[in-house]
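Asks: Once you've had a glance at the structure underneath, I'll fire off some questions.
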Amino acid sequence: MSELVLATGNQHKVEEIKVLLGDAVIVRSLADFPGAPPVIEDGVTYRENALKKARSAAAFTGLTALADDTGLEVDALGGRPGLYAARFAGEGCSFQDNIRKLLRLLEGIPREQRSGRFICVLALVIPGGREEVVEGVLNGFITETQAGVGGFGYDPVFYGTEVGKTLAELTTEEKNRISHRGRAVRGLKELLMNVGA
């Protein structure tokens, strides 16, 4: 496998995954393939959504496709926003809209009850029928205020207990070393080495 297409329109994810995969593979964005059909993420699990996106991209491009479905699960909110993290504040919302809604819902809730986790599920679909799925998890808690300027999404309010900072306060290298997506990509690379892909 020397080339794959990332089944996402999120340029932040494309750049992050390119760095994580390194030079061993040429990574193309789905944006390089005009006319790719939109995929409705109506699965009830991260796995279902990731596989649905990867299967669609592989079928459309004829290339090996990698898709991710990522969510943020906050314990005090019963696991919300979960699968709907990217559109938590509504369709077409911004990262800041999502953060504001999350912080509003957690107002008055003490830190020890603000625990949560980022979950990233990666699905790799190779034309011919082979499919592989891996998961990465990062535990932490939601801060009361934003801190840091790096990253994207909920990074300014997600405090990684392993590093003692929000993800937005980390360098790219630090974040990639501990993040849910970094863990999933490393799991995928290990799986592919072990099965000879």
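Numbering (the working numbering), first residue to last: 6 to 202. Where is the CB? At the ideal position from N, CA and C, for every residue including glycine.
1. Using a threshold of 8 Å, state whether the C-beta atoms of Thr69 and Pro132 are closer than that.
2. Give me the Cβ distance between Ile104 and Pro161, rounded to the nearest whole Å; I'm assuming they're in contact under 8 Å.
3. Which residue or residues does DSSP assign as beta-bridge partners of Ala70?
4. Relative to the C-alpha of Asp73, which residue among Leu88, Glu96, Leu110 is closest?
5. Suppose you measure from the CA of Gly67 to the CA of Lys23; what does that come to, to the nearest Å?
6. Just the C-alpha distance for Asn15 and Leu25, rounded to the nearest angstrom, thanks.
7. Between which residues of its own chain and Leu107 is the CB-CB distance below 6 Å, once the five residues before and five after are set aside?
8. Output the distance between the C-alpha atoms of Ile183 and Leu143, rounded to the nearest integer angstrom.
9. Under 8 Å by Cβ, that's how I've got Leu82 and Leu110 pegged, so tell me the actual separation to the nearest angstrom.
10. Just list the alpha helix (DSSP H) runs in the region 12–75, keeping only unbroken ones of 4 residues or longer that don't cross its boundaries, in chain order.
11. Note down the Cα distance separating Thr75 from Phe65, rounded to an integer number of angstroms.
12. Around the C-beta of Arg188, are 16 or more other C-beta atoms found within 10 angstroms, so that it is buried, or is it exposed?
13. Within a Cβ cutoff of 6 Å, which residues of the same chain sit near Glu136, ignoring the five residues on either side of it in sequence?
Replies: From the atom records:
1. yes
2. 7 Å
3. Val10, Val130
4. Leu88
5. 20 Å
6. 16 Å
7. none
8. 7 Å
9. 6 Å
10. 16–26, 51–66
11. 23 Å
12. buried
13. Val130
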